[in-house]
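Mapping to numbering that gives the first Met the number 0: the sequence shown position 2 is 1, numbers consecutive.
Read through the structure below, which is laid out as structure tokens, and then see the notes.
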Amino acid sequence: MTHAEAVLHKQEAESKADESVKKMFHITIVPSNTDESNKFIEDFLQNPDDFNDESCIPYCSNNDFEVVSFGRNAVN
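So, in structure tokens, the structure goes:
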């Protein structure tokens, strides 16, 4: 999906998630390409507060994104 579509999808996912889910998981937009996504998540986990919905754009080579969730206690 495009970045704009991913933003809308993320907003919908966050609005449907209860507070415990929001506290336990990151919900973020990543490139759909696995290698690019892995690099983004690796960098994201270094300091999640430095990232926003647009932070994934430079990591993406084909303007194809997806919304993922992963535990806040993921390997740092």
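Think of the CB as a built atom: it goes at the ideal place given N, C-alpha and C, for glycine as much as any other residue.
Small disclaimer: the values here were computed from a predicted structure and weren't measured.
Thinking C-alpha only, which one of V20, F24 and S31 is nearest M0?
Stepping through the sequence shown from its first residue, residue 0 is reached at position 1. The option with the nearest alpha carbon to M0 is S31.
Check this for me: beta carbons of E65 and V20, under 8 Å apart or not?
The residue given as residue 65 occupies position 66 in the sequence shown. The residue given as residue 20 occupies position 21 in the sequence shown. Cβ distance not < 8 Å, so E65 and V20 don't count as in contact.
Using the rule of at least 16 other Cβ atoms within 10 Å of the residue's Cβ for burial, across every protein chain shown, is E11 buried or exposed?
In the sequence shown, counting from the first residue as 1, residue 11 sits at position 12. Exposed is the call here.
Cβ separation of N51 and H2, assumed to be a contact under 8 Å, to the nearest whole Å
Here residue 51 is taken as the residue at index 52 of the sequence shown, counted from 1. Here residue 2 is taken as the residue at index 3 of the sequence shown, counted from 1. The Cβ separation is near 12 Å, so there is no contact.
Using CA atoms only, rank isn't needed, just tell me which of C55, S60, R71 and P57 is closest to L44.
Taking the first residue of the sequence shown as position 1, residue 44 is located at position 45. If you compare the alpha carbons of C55, S60, R71 and P57 with that of L44, the shortest gap goes to R71.
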